[in-house]
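One structure is given here, and the rest of the page talks about it.
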Amino acid sequence: MYCRRFFFGIAALVGLIVLLSDGVAVAGEPRRGGTLRVAYGNEIAHLDFHTAPGYEMMWVAMNVGCGLVNITPDGKFVGDAAESWQLSPDNLTYTFKLRKNVLFHDGTKVDAAAVKFSIDHLMDPATKSGMRSFYDPVHSVEVLDPHTVQIRLKQPYAFMLHMLAAYRTGLILYSPTATQKYSLEDRKQGKPGAVVGCGPFRLVEWVKGSHLVMDRFGKYFQPGLPYLDRVVIRVIKDPVTQMAAFKAGEIDFIASFSPEHVDTVKAQNPNAQILTGKETTPMLAAMKVTVPRDSKPMSKDRAPHPIFGDLRVRKAVGCYGIDRQEVVKIAFKGQATPWVGMNPPGTLDTVDVNHMCPYDPVRAKAMLAEVGYGPQKPLTFELMTNTEKSVFNVIATVIKEQMARIGVTANIRLVDKVSWMNTTLQDGPWDMYVEDLLSLITLDSNGYLSNTTSTWSHPRHADTKVDDYYARYAREMDPGKRRALAKELQEYMADKLYWNNISGSPFFMIAQPRMKGYVYNAEFEVHYHKVWLDK
Amino acid sequence: MRVYVLRRLLQVVPTVLMITLVVFVMMRSIPGDPVVALLGDAYTEEDAVKLRQSYGLDRPLIVQYLIWLGKLLQGDWGASILSGRPVLQDVLIRLPVTLELIVLSMGVAIIIAMPAAIIASVRPNTWSDYTAMTVALAGVSIPEFFLGVLLLLVFSVGLQGALPSSGWVYLPGTCPTVVCITGAWGNLGHVLMPAIALGVGRAAILTRLVRASLLEIVRTEYVTTARAKGLGEGRVVLKHALKNALIPAVTVMGLQVGFLIGGAIVVETLFAVPGLGTFGIDAILARDYQQVQGFVLLTALTFVVINLIVDFTYSFLDPRIRYGA
Numbered sequence: 001m002y003c004r005r006f007f008f009g010i011a012a013l014v015g016l017i018v019l020l021s022d023g024v025a026v027a028g029e030p031r032r033g034g035t036l037r038v039a040y041g042n043e044i045a046h047l048d049f050h051t052a053p054g055y056e057m058m059w060v061a062m063n064v065g066c067g068l069v070n071i072t073p074d075g076k077f078v079g080d081a082a083e084s085w086q087l088s089p090d091n092l093t094y095t096f097k098l099r100k101n102v103l104f105h106d107g108t109k110v111d112a113a114a115v116k117f118s119i120d121h122l123m124d125p126a127t128k129s130g131m132r133s134f135y136d137p138v139h140s141v142e143v144l145d146p147h148t149v150q151i152r153l154k155q156p157y158a159f160m161l162h163m164l165a166a167y168r169t170g171l172i173l174y175s176p177t178a179t180q181k182y183s184l185e186d187r188k189q190g191k192p193g194a195v196v197g198c199g200p201f202r203l204v205e206w207v208k209g210s211h212l213v214m215d216r217f218g219k220y221f222q223p224g225l226p227y228l229d230r231v232v233i234r235v236i237k238d239p240v241t242q243m244a245a246f247k248a249g250e251i252d253f254i255a256s257f258s259p260e261h262v263d264t265v266k267a268q269n270p271n272a273q274i275l276t277g278k279e280t281t282p283m284l285a286a287m288k289v290t291v292p293r294d295s296k297p298m299s300k301d302r303a304p305h306p307i308f309g310d311l312r313v314r315k316a317v318g319c320y321g322i323d324r325q326e327v328v329k330i331a332f333k334g335q336a337t338p339w340v341g342m343n344p345p346g347t348l349d350t351v352d353v354n355h356m357c358p359y360d361p362v363r364a365k366a367m368l369a370e371v372g373y374g375p376q377k378p379l380t381f382e383l384m385t386n387t388e389k390s391v392f393n394v395i396a397t398v399i400k401e402q403m404a405r406i407g408v409t410a411n412i413r414l415v416d417k418v419s420w421m422n423t424t425l426q427d428g429p430w431d432m433y434v435e436d437l438l439s440l441i442t443l444d445s446n447g448y449l450s451n452t453t454s455t456w457s458h459p460r461h462a463d464t465k466v467d468d469y470y471a472r473y474a475r476e477m478d479p480g481k482r483r484a485l486a487k488e489l490q491e492y493m494a495d496k497l498y499w500n501n502i503s504g505s506p507f508f509m510i511a512q513p514r515m516k517g518y519v520y521n522a523e524f525e526v527h528y529h530k531v532w533l534d535k
Numbered sequence: 001m002r003v004y005v006l007r008r009l010l011q012v013v014p015t016v017l018m019i020t021l022v023v024f025v026m027m028r029s030i031p032g033d034p035v036v037a038l039l040g041d042a043y044t045e046e047d048a049v050k051l052r053q054s055y056g057l058d059r060p061l062i063v064q065y066l067i068w069l070g071k072l073l074q075g076d077w078g079a080s081i082l083s084g085r086p087v088l089q090d091v092l093i094r095l096p097v098t099l100e101l102i103v104l105s106m107g108v109a110i111i112i113a114m115p116a117a118i119i120a121s122v123r124p125n126t127w128s129d130y131t132a133m134t135v136a137l138a139g140v141s142i143p144e145f146f147l148g149v150l151l152l153l154v155f156s157v158g159l160q161g162a163l164p165s166s167g168w169v170y171l172p173g174t175c176p177t178v179v180c181i182t183g184a185w186g187n188l189g190h191v192l193m194p195a196i197a198l199g200v201g202r203a204a205i206l207t208r209l210v211r212a213s214l215l216e217i218v219r220t221e222y223v224t225t226a227r228a229k230g231l232g233e234g235r236v237v238l239k240h241a242l243k244n245a246l247i248p249a250v251t252v253m254g255l256q257v258g259f260l261i262g263g264a265i266v267v268e269t270l271f272a273v274p275g276l277g278t279f280g281i282d283a284i285l286a287r288d289y290q291q292v293q294g295f296v297l298l299t300a301l302t303f304v305v306i307n308l309i310v311d312f313t314y315s316f317l318d319p320r321i322r323y324g325a
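Chains as they are written, first to last, in the numbering used here: chain A, 1 to 535; chain B, 1 to 325.
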């Protein structure tokens, strides 16, 4: 009887151990399976990854597609389709060795020919890719063997890997087979079969305005990944609805959340993961510097802007007249960094030049008087902003009030995003605008926003010294010398106020406590392949 | 009657065409075009000019309109300039969603308005009357968006997800895409709050109108005669008076469809419902001309057809009304 009890006890204990271990993961051990439900605040434009604008498309591209390299939050490069790479001693040739087990979702191999095809496609003017200008330093792409590809540069380019990893989508490899079989319109529409990548998820369906579904790609080159079965992305534009859906547990992850509602989400969901970091997007109160002398948009014959063509007025209004601390306190509830430098606080080689533009309304008034503005001749200008983010209007309102303190009248003109783009890109009439443009992983990626030749250089300054700075910075391979150049450039821009930063523009992502494994890397890298759901 | 019907149907065509022409011109008067949105941060003036040429956006307005019309007559509604998706395909996916929302909103309005109006009219200048009218005033004063947010906060957030906050579940057998959730209860759960947000304002208007109409009808001689004959009050009001009181209400209900479509834009955006409303507003904001034309065409057709049905309802409600005489 004693033996029977003993054996029963052992059996019960073993059974209990088996029961407890079955379905109970070791703490921190990823679980396979489940559907991640993601909310976007804006619509995906279309699904041709090489040409579509907007972060929402990029974040899909980063999961459906793969590239050569990725970048970690601390700035290290890790291989994606490339397992290793080398830079030649003359800094002109990158040689990438590709992994042998990388496949596109259509079953074709990711080889050197596919890499060459993809880069050539991006560089082709007929493609009209927004990334084309990033490949200006590239001379050619050569296939050495099926798993070795070389990118040859015209001149040394210090940010080649940054560009391949994270300028916009980074390089997204296209399947030559699928690209030749399907048309651009097929890809844009998101026809399954046409949108083919080599990433951890394959596109199942995209219904514009409703949802985008991507499923695990069973032959992804990283064994065991992704953990998730499926990712479903829905567009929920209103932040109140996003909060309600998150609180109700209907969504797991909000990919980009409105900063002014973060405190409410925290209060409603104490266990929610609020993911953020140092700002990598600048919030600008840009001032127009030149206008076409002959009234023809984009004319090379420029005249100073009637108000902000004078540096003293730019300094009075944009430098000493704006209280950046107050803007941050009111518009962002303190959740941003007051910042003068063109490079946001979280961007590589950023420099704090706030001391160059302290808030000084007395000095602002004195400078305006020097130019002839005062009670007898009040300065009035138009402050344009757009409806893309509600915070723009708040900032504009605060600036308006601050202008009134120095005797300046700022009339706010609120337009929608396309109207704003139309005015600024086509050299239309504007004085100052508030906007946050786009996020910058390096100062170099800002080049196409501030070179004299760029359509996106809205202030239309004609100072080629800026172009020269960018060119030298991009070619300087020594990090120390590069940082010194970056400092010079940022101080120069702050002195000339071709860029007038107010603050960083904070970026927030919100995740349910059960969502594990996500690595925050601002807007640059949004990857779900290591995400798992702890349910 | 047949002649009348044919004449009314023929009138639909120039009406709808005029609407599409006006919107066509208006859209092109707004700053910006779809090429700006399409190119985004890839925008260069050179590429923009080439794209405009390829989409025919550099041609004279009247030529663009006639080309669009010509394709429409062949059944081609065009494709979204931004996404390349066929407009007709997207419209047909979204139309049932918005139709369901509009019909249910009107149902909500009728369910609220009819009893309230009847009670208010049979007991005028009493607390029942004052209550009904106050609630009606409140209903018409609250914007759909605000009511929608209140409903969200109460039913989705406050009651721990009693009703879903956003999205859509299709009725069984109506899934238009590869991946979607279907279910009658799920559909009801998703449509309830948007329908209430939209319907309450309409209920308020209907309540006031039906009450006023009923008050007038109950004083007529034939109603007095019905009472004198010993008919119960309920029968007098519901069988004899209400039918005639509904004629102006039916007219207003037809006109309300226009407001419902407009309100659907706001409510669908708030509740992230994948209907025609969000389709239309996205198209306008992106200057996607083809999508806007498709949205306007369908909306105009819906409005005109519903009002046609409303007109035909009159002869059912009042046999004295005949057409084609």
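Where is the CB? At the ideal position from N, CA and C, for every residue including glycine.
Where does Pro14 of chain B land, buried or exposed, given buried means 16+ other C-beta within 10 angstroms?
exposed
How is Met367 of chain A classed by DSSP in three states: helix, strand or coil?
helix
I need the straight-line Cα distance from Pro506 of chain A to Ser390 of chain A, nearest angstrom please.
14 Å
Applying a beta-carbon distance threshold of less than 7 Å, which residues of chain A neighbour Thr278 of chain B?
Gly209
What do you reckon, are the CB atoms on Arg28 of chain B and Ser121 of chain B nearer than 8 Å?
no
Rounded C-beta distance between Cys198 of chain A and Leu173 of chain A? I'm assuming under 8 Å.
6 Å
Skipping 5 residues on each side, what residues in its chain have a beta carbon closer than 8 Å to that of Leu536 of chain A?
Given that chain A is displayed from residue 1 to residue 535, the structure contains no residue 536 of chain A and the question cannot be resolved.
Can you have a look at Thr453 of chain A and say buried or exposed, based on whether 16 or more other CB atoms are within 10 angstroms of its CB?
exposed
For Trp68 of chain B, the first and last residue of its enclosing alpha helix (DSSP H):
Leu61 to Leu73
Under 8 Å between the Cβ atoms of Ala283 of chain B and Val292 of chain B?
yes
Contact list for Pro53 of chain A against chain B, beta-carbon separation under 8 Å
Ala37, Leu38, Leu39, Gly40, Asp41 and Ala42
Under 7 Å Cβ-Cβ, which residues of chain A neighbour Val292 of chain B?
Simply none; closest approach about 12 Å.
Cβ atoms of Lys100 of chain A and Val143 of chain A: under 8 Å apart, would you say?
no
Run the CB neighbour count on Ala45 of chain A, radius 10 Å, all protein chains shown included, and call it buried at 16 or more, exposed below.
buried
To be precise: take each residue of the stretch 256-269 of chain B, compare its Cβ to all Cβ atoms of chain A, and keep it if any distance is under 7 Å. Which residues remain?
Thr269
Cross-strand partners of Tyr40 of chain A (DSSP beta bridge)
A:Val235
From which residue to which residue does the beta strand (DSSP E) around Val195 of chain A run?
Looking at the DSSP string, Val195 of chain A is not in any beta strand (DSSP E), and its letter there is neither H nor E.
Could you tell me if Gln615 of chain A is buried or exposed, where buried requires 16 or more neighbouring beta carbons within 10 angstroms of its beta carbon?
With chain A running from 1 to 535 in the structure shown, residue 615 of chain A is simply not present.
Could you please give me the residues that DSSP links to Leu533 of chain A through a beta bridge?
A:Met515
Residue ranges of each alpha helix (DSSP H) run of no fewer than 4 residues wholly in the stretch 217-299 of chain B, ordered along the chain?
221-228, 242-270 and 276-285
If we call anything under 8 Å between Cβ atoms a contact, is Phe217 of chain A one with Ile307 of chain A?
no
Ordered along the chain, which non-local residues of its own chain (more than five positions away) have a Cβ less than 8 Å from that of Ala132 of chain B?
Ala116, Ala117, Ile119, Ala120, Thr207 and Arg211
Quick check on Thr182 of chain B: buried or exposed, where buried means 16 or more other Cβ atoms within 10 Å of its Cβ?
exposed
Among A:Lys487, A:Gln222, A:Ala248 and A:Ser256, which one has its Cα closest to the Cα of Lys237 of chain A?
A:Ser256
Supposed contact pair Ala48 of chain B and Gly109 of chain B - C-beta distance, whole angstroms, cut 8 Å:
First, the amino acid is wrong: residue 109 of chain B is Ala here, not Gly. Going by Cβ atoms, the distance from Ala109 of chain B to Ala48 of chain B rounds to 47 Å, so no, they are not a contact pair.
Would the stretch 282-293 of chain A count as touching the stretch 454-462 of chain A if we require 3 or more Cβ pairs under 8 Å?
yes
Per DSSP, what are the beta-bridge partners of Trp206 of chain A in this structure?
A:Leu212
Judging by CA-CA distance, which residue of A:Ala364, A:Ala178 and A:Ser183 is the nearest neighbour of Arg312 of chain A?
A:Ala364
Under 8 Å between C-beta atoms, does Phe146 of chain B make it to chain A?
no
Whose C-beta lies closer than 6 Å to the C-beta of Ser21 of chain A among residues of the same chain, with five residues either side of it excluded?
Interpretation of Ser21 of chain A is limited by its pLDDT of 45, a score under 50 that renders its predicted location unreliable; the figure taken from the coordinates is listed afterwards. For Ser21 of chain A, where only same-chain residues beyond five positions count, there are no Cβ hits under 6 Å.
For chain B, check one thing: does any of its Cβ atoms lie closer than 8 Å to the Cβ of Val195 of chain A?
no
Would you please verify whether the beta carbon of Asp416 of chain A is less than 8 Å from any beta carbon of chain B?
yes
Between which two residues does the beta strand (DSSP E) holding Asn386 of chain A run?
Leu379 to Asn386
Could you name the residues of the same chain whose beta carbon sits closer than 6 Å to that of Tyr55 of chain A, not counting the 5 residues immediately before and after it, in chain order?
Glu523
Any heavy atom of the ligand ADP within a distance shorter than 7 Å of the CB on Trp59 of chain A?
Although the ligand ADP was asked about, the structure shown includes no ligands whatsoever.
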